[in-house]
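Inspection log for the structure reproduced underneath, given as structure tokens.
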Amino acid sequence: MSVALLLHLKNKYNVRFVLMRKDDKVMIMYNIFKEKWVIHVESIICEKVNRSTVNIGINTSNIAIMKLKLNKDRKTFLEQKGKDRSAKKRKFMNEDVIPPL
Numbered sequence: 003m004s005v006a007l008l009l010h011l012k013n014k015y016n017v018r019f020v021l022m023r024k025d026d027k028v029m030i031m032y033n034i035f036k037e038k039w040v041i042h043v044e045s046i047i048c049e050k051v052n053r054s055t056v057n058i059g060i061n062t063s064n065i066a067i068m069k070l071k072l073n074k075d076r077k078t079f080l081e082q083k084g085k086d087r088s089a090k091k092r093k094f095m096n097e098d099v100i101p102p103l
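If you want the working numbering, it's the 1-based position in the sequence shown plus 2.
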């Protein structure tokens with residue numbers, strides 16, 4: 003599931019969303035329970051009446067990644083995706099435009 007990045011990571015990698023991995027640190031922005039496709043965060047649990055604990059699911063649109071756990075494959079993926087995104091954002095310069103006849 004893809005999750006949004008915080009602003010400083012967006013600027014660093016030039017990417018808005020990345021796939022969530024197990025060791026990423028996340029920040030919960032807003033929470034609505036009982037969604038179908040959810041992420042279970044380690045520290046978010048609820049205690050039931052019979053004293054058993056249950057993980058609470060959080061929708062991916064309500065989570066932002068604070069810190070990425072980078073490995074070799076993920077670094078290359080972010081670099082490639084950032085290059086593609088910056089190439090699309092590139093504005094035309096005066097040298098790129100053909101002058102009129």
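For every residue, glycine included, the Cβ atom is placed at its ideal position computed from N, Cα and C.
Is the beta carbon of residue i less than 8 Å from the beta carbon of residue j?
i: isoleucine 65; j: valine 20; result: no
Assign residue i to one of two classes, buried (16 or more other C-beta atoms within 10 Å of its C-beta) or exposed (fewer than that).
i: leucine 116; result: Nothing can be reported for residue 116: it is not among the residues displayed for the chain, which extend from 3 to 103.
i: isoleucine 60; result: buried
i: valine 56; result: exposed
i: isoleucine 47; result: exposed
i: tyrosine 32; result: exposed
What residues in its chain sit with their C-beta under 7 Å from that of residue i, if we drop five residues either side in the sequence?
i: lysine 71; result: Arg23, Asp25 and Asp26
Report the option in the options whose CA atom is closest to the CA atom of residue i.
i: glutamate 81; options: Ala6, Lys12 and Met3; result: Lys12
i: isoleucine 67; options: Lys14, Ile30 and Asn16; result: Ile30
i: leucine 7; options: Asn73, Lys85, Asp86 and Thr62; result: Thr62
i: lysine 77; options: Trp39, Val17 and Val5; result: Val17
i: histidine 42; options: Val51, Lys14, Phe79 and Ile58; result: Ile58
i: tryptophan 39; options: Lys85, Val5 and Asp75; result: Val5
Which residues in the same chain as residue i place their Cβ atom closer than 6 Å to its Cβ, once the five residues preceding and following it in sequence are excluded?
i: lysine 85; result: none
i: arginine 87; result: Asn16
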